[in-house]
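Beneath this line is the structure, given in structure tokens, with notes to follow.
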Amino acid sequence: MSQQSLILARNSFDSIKALNPFFFLDYDGTLVPLITEPEKAFADEELKELLRKLYSKYRTFIVTGRSLSEMDALLGMKLNSIGWHGAMARVDGKLIYLMEDAEYYLKAIDSLMELQDYFVKKYPGLRMMDKNPGVLFLLWNNSEKQIVDLETELRGIAHERGLSVITGKRIIELIPPGTGKGNAVKKMRNGSPCVVTGDDNTDEDSFSKNEDCITIKVGAGKTTAKIRLDSVEEMREFLRYTVIS
Ligand SMILES: [Mg+2]
Numbered sequence: 079m080s081q082q083s084l085i086l087a088r089n090s091f092d093s094i095k096a097l098n099p100f101f102f103l104d105y106d107g108t109l110v111p112l113i114t115e116p117e118k119a120f121a122d123e124e125l126k127e128l129l130r131k132l133y134s135k136y137r138t139f140i141v142t143g144r145s146l147s148e149m150d151a152l153l154g155m156k157l158n159s160i161g162w163h164g165a166m167a168r169v170d171g172k173l174i175y176l177m178e179d180a181e182y183y184l185k186a187i188d189s190l191m192e193l194q195d196y197f198v199k200k201y202p203g204l205r206m207m208d209k210n211p212g213v214l215f216l217l218w219n220n221s222e223k224q225i226v227d228l229e230t231e232l233r234g235i236a237h238e239r240g241l242s243v244i245t246g247k248r249i250i251e252l253i254p255p256g257t258g259k260g261n262a263v264k265k266m267r268n269g270s271p272c273v274v275t276g277d278d279n280t281d282e283d284s285f286s287k288n289e290d291c292i293t294i295k296v297g298a299g300k301t302t303a304k305i306r307l308d309s310v311e312e313m314r315e316f317l318r319y320t321v322i323s
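Numbered by the numbering used here, the letters in the sequence shown go through residues 79 to 323 in order.
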């Protein structure tokens, strides 16, 4: 089953290879396994080498919910990237903001971080991280009931302040509206063919807004992607193929 998917991914890539496609690669859960302490999800040497090769052959972007500086630290190098769920990008060293009304939303996010004590008391085990711009709620230590309750509460707050809510695997994020990976990917590729990869709800936006591309989902769960690979290791196997073929 998965071997078939891998063959499909390779064949699909072969069909657009000559067109100099873009690669848009989600990081967490796609290139590296998800871990309970995401700040420690450093790239291993094999991945770094793979990315270097890919960047030298194709126009490649890391697409992440993380900030660009956080991403650079995990990779140990500065690659072209789309960060903060599409709020900003770096192309050949140049920063591009894709978010409007930045100042208002930065304040709205700051005021949420001030509620950290309240949230941690109410939902013990919860961790909050300032994503600048955005607040990430990490829910590895919380029960399903707590997660549902917190999501309800956060949706109310987001509605009041004009923020968007993103939910994923044991995460909830409040981010400025209008940001999203899909539009950022679309803007960067500007009509060129591409390969888009991801493992989570936030990547569905990339898939659905770039339907003409080769869209690859990693792991289980509902998706609009055309191809599903079972694991991070399978994704790497696919990428190894793209750099040698
Ligand atoms: Mg991911």
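Even glycine gets a Cβ: it sits at the ideal position worked out from N, Cα and C.
Ligand 1 has a heavy atom closer than 6 Å to the beta-carbon of D277.
At a Cβ-Cβ threshold of 7 Å, M207 and L214 count as neighbours. In this structure, ligand 1 has no non-hydrogen atom nearer than 6 Å to the beta-carbon of G299. Short note on D106: C-beta closer than 6 Å to some heavy atom of ligand 1. Put simply, the region 217-226 touches the region 196-206. At least three CB pairs are less than 8 Å apart.
The alpha carbon of V310 has as its nearest neighbour, out of P116, P111, E123, S284, the alpha carbon of P111. Where K131 is concerned, the enclosing alpha helix (DSSP H) starts and stops at 123-135. A check of alpha carbon separations from A119 across R137, D179, T142 identifies T142 as the nearest. Distance between N288 and R318, taken at the CA atoms: about 23 Å. For D208, the pairing in a beta bridge is given by DSSP as V213.
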